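So the working numbering is basically just the index in the sequence shown, starting at one, shifted up by 42.
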Amino acid sequence: MTENTKTHVILLSCGSFNPITKGHIHMFEKAREYLHKTGRFIVIGGIISPVHDSYGKPGLVPSRHRLTMCQLAVQSSDWIRVDPWECYQDTWQTTCSVLEHHRDLMKRVTGCILSNVNTPSTTPVIGQPQNETPPIYQNHNNINHKPTAIKLWGKISENLGKICCVRPHIERFTFVDENANLGTAMRYEEIELRILLLCGSDLLESFCIPGLWKDSDMEVIVGDFGIVVVPRDGADTEKIMNHSSILRKFKDNITVVKDGMSHPMSIVSSTKSRLALQHGDGHVVDYLSQPVIDYILQSQLYINASG
């Protein structure tokens with residue numbers, strides 16, 4: 043498959059990130075590597091969405107700290123970004139709601155990206171002044187018009203930063219020049235862009251717990267979006283999926299990252315990290331990146347057993 047015909051993917055990970063660990067970043071990296079190996083996908087970006095403070099999990103530190111730690115953890119990444127939308131809402135949001143928010147947001151942002159610079163759209167993108175955005179792909183012969191994954195994600199990230207937390211005054215959004223060209227190389231309908239939920243096998247197991255998830259939400263998450271699962275602690279994902287009728291029904295929408303190698307990062311968890319911090323365990327450097335450790339110590343987080 044050519045790059046144009048492959049599905050362009052944005053990986054979205056929801057969770058407490060209390061704190062964010064090397065294991066979380068490892069999950070993104072392994073998922074991207076595996077999806078690329080399949081030959082069917084191009085991962086153009088990753089989004090970390092920390093949960094709202096009202097989630098009610100014991101020991102959950104305020105979102106301002108968790109957002110900062112996440113930003114520190116990905117500061118050297120050119121493809122993973124932190125999104126504060128979930129934390130900025132009035133209350134806790136379901137995973138389904140977060141996915142739907144980002145799907146709608148991507149429609150707005152990619153609509154802006156796909157505008158033809160020769161025939162600018164008359165429909166402004168929410169939060170962006172009209173006619174003030176410079177051309178994205180200039181129509182000059184000496185410029186490569188091919189919209190590479192890096193270019194696409196770079197422009198998406200730039201625009202997300204401008205509008206992701208703006209509360210619009212309208213209920214419906216219109217695609218901006220949805221049939222316009224990306225330069226002169228391809229048309230919008232030739233690019234398939236999907237948001238996939240990235241998770242560990244522990245979240246997959248939670249789908250099988252009666253009453254924990256709404257069936258309607260699971261149908262949307264797995265049926266409409268799809269998930270990428272990175273197994274942890276040698277979990278048998280096939281066995282897990284067979285315990286849920288909805289997971290069996292949408293099995294084709296579940297991608298399990300298969301890797302015969304054993305990676306130390308696959309057993310790293312936020313719980314182990316908090317315990318290491320409380321006990322002064324030097325192994326915390328194996329669990330958390332140094333900028334995150336420095337921030338935790340500076341802010342005196344997780345030092346007490348209460349969180």
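Every residue gets a Cβ at the ideal spot worked out from N, C-alpha and C, and that includes glycine. Note that the structure is a prediction, hence the values are computed from the model and not measured.
{"Item": "Test item: CB-CB of arginine 236 and glycine 268 under 8 Å", "Value": "yes"}
{"Item": "DSSP three-state assignment for cysteine 138, whether helix, strand or coil", "Value": "helix"}
{"Item": "First and last residue of the uninterrupted alpha helix (DSSP H) at arginine 108", "Value": "105 to 115"}
{"Item": "Chain D contact for arginine 274 (CB, 8 Å cutoff)", "Value": "Here chain D cannot be found, since the structure has a single protein chain."}
{"Item": "Paired residues, beta bridge with histidine 50 - DSSP", "Value": "Ile84 and Leu235"}
{"Item": "Any 3 or more C-beta pairs closer than 8 Å across the segment 135 to 142 and the segment 102 to 113", "Value": "no"}
{"Item": "Under the three-state DSSP convention, the category valine 272 falls into", "Value": "strand"}
{"Item": "Expected contact under 8 Å - CB spacing of valine 264 and isoleucine 296 to nearest Å", "Value": "7 Å"}
{"Item": "Residues bridged to arginine 123 [DSSP beta-bridge criterion]", "Value": "Ile89"}
{"Item": "Spatial distance of aspartate 125 from arginine 145 (CA atoms)", "Value": "13 Å"}
{"Item": "Option in Leu319, Asp257, His321 and Val85 with minimal Cα separation from aspartate 120", "Value": "Val85"}
{"Item": "Selection from Arg123, Lys314, Leu240 and Val116 that minimises the alpha carbon distance to serine 55", "Value": "Leu240"}
{"Item": "Close-in-space but distant-in-sequence residues of the same chain around cysteine 250 (CB under 6 Å, 5 per side omitted)", "Value": "His285 and Ser286"}
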